[in-house]
Amino acid sequence: MKQISVMIVEDDLRASYVLESTINQHKQFEVVAACESLLEAELKAEAFTPELIMLDLTLPDGNGIDLIQSLKSKGFKGAFMMTTAERETTTIEKSIQLGVMDYLVKPIRMSRVLQALDDYLDFKQRLNKHDKIDQQDIDALFRKRDLINSSRKTPKGIDEKTLEKLTDYLKNLGEDPFTAEDVGEAIHLS
Numbered sequence: 001m002k003q004i005s006v007m008i009v010e011d012d013l014r015a016s017y018v019l020e021s022t023i024n025q026h027k028q029f030e031v032v033a034a035c036e037s038l039l040e041a042e043l044k045a046e047a048f049t050p051e052l053i054m055l056d057l058t059l060p061d062g063n064g065i066d067l068i069q070s071l072k073s074k075g076f077k078g079a080f081m082m083t084t085a086e087r088e089t090t091t092i093e094k095s096i097q098l099g100v101m102d103y104l105v106k107p108i109r110m111s112r113v114l115q116a117l118d119d120y121l122d123f124k125q126r127l128n129k130h131d132k133i134d135q136q137d138i139d140a141l142f143r144k145r146d147l148i149n150s151s152r153k154t155p156k157g158i159d160e161k162t163l164e165k166l167t168d169y170l171k172n173l174g175e176d177p178f179t180a181e182d183v184g185e186a187i188h189l190s
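Heads up, the sequence shown is in the UniProt record's numbering, so the first residue is 1 and it goes up one at a time.
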């Protein structure tokens, strides 16, 4: 399977670099361009025609929503994911109305970016399986999207940072045996 081309639109160079590094860890995705402004994004979207644009909302020369509308009016067929600190419900609703595939709130965990990419890949694979799909597959596509957008809460009693530390520790542990005490000690929990 060919890699999915990604363009990053982010005016914070550090955030752009971290996002690009994270995306490049996923074997199915390749960053083909990074932009710092709407104008640059318009030009590079036309030149590179990325399949996916990871887009900040607040940019020096305008709003990411404006970029989505502009590119769609020119026939751009790629998908969008928002990467922003913006949490206003009107903005989120507008993003959904414009077909944004995922909405990642800054600061964004690396694991969350990789999950968003996996979800997008799964969505594309299901959609491209056949020319026509049955109602069950259609329901699965829409349910998957709804679940993606609504199930990002942490388990009761565990905050996000603790859950991320725990997940990272367990991923790096490999197959070595461990106890709950070992884990607690390693990530400084009682």
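Every residue gets a Cβ at the ideal spot worked out from N, C-alpha and C, and that includes glycine.
With contacts defined as CB atoms closer than 7 Å, leucine 55 and phenylalanine 29 fail to qualify as a contacting pair.
Of the residues Asp118, Val6, Asn24, Leu39, the one whose Cα lies closest to the Cα of serine 70 is Leu39. Non-local beta-carbon contacts of valine 18 in its own chain, meaning distances under 7 Å to residues more than five positions away in sequence, are absent. Judged by DSSP secondary structure, valine 183 falls within the alpha helix (DSSP H) whose first and last residues are 180-186. Proximity of the region 126-139 to the region 72-92 falls short of the contact definition, fewer than three beta-carbon pairs being nearer than 8 Å. Straight across, the Cα-Cα distance linking lysine 161 with aspartate 134 is about 40 Å. Of the candidates Leu13, Val183, Lys27, Pro50, the residue whose Cα lies closest to the Cα of valine 6 is Pro50.
Its Cα nearest to that of alanine 34, the residue Glu20 stands out among Glu20, His26, Glu46, Gln25.
With contacts defined as CB atoms closer than 7 Å, threonine 83 and leucine 114 fail to qualify as a contacting pair.
Per DSSP, reduced to three states, the secondary structure at glycine 78 is coil, with no helix or strand assignment. In this structure, the CA atom of isoleucine 53 is about 6 Å from the CA atom of isoleucine 8. Assignment of beta-bridge partners to serine 5 by DSSP yields Glu30.
In terms of Cβ geometry, asparagine 24 and valine 32 do not form a close pair [threshold 7 Å]. Linking tyrosine 120 to aspartate 102 through their CA atoms gives a straight-line distance of about 8 Å. Taking the Cα positions, aspartate 12 is about 32 Å away from glutamine 125.
Ranked by Cα distance from lysine 72, the options His26, Ala85, Phe142, Ser95 are led by Ser95.
In this structure, lysine 165 sits away from isoleucine 138, with a CB-CB distance that is not shorter than 7 Å. Per DSSP, reduced to three states, the secondary structure at valine 100 is coil, with no helix or strand assignment.
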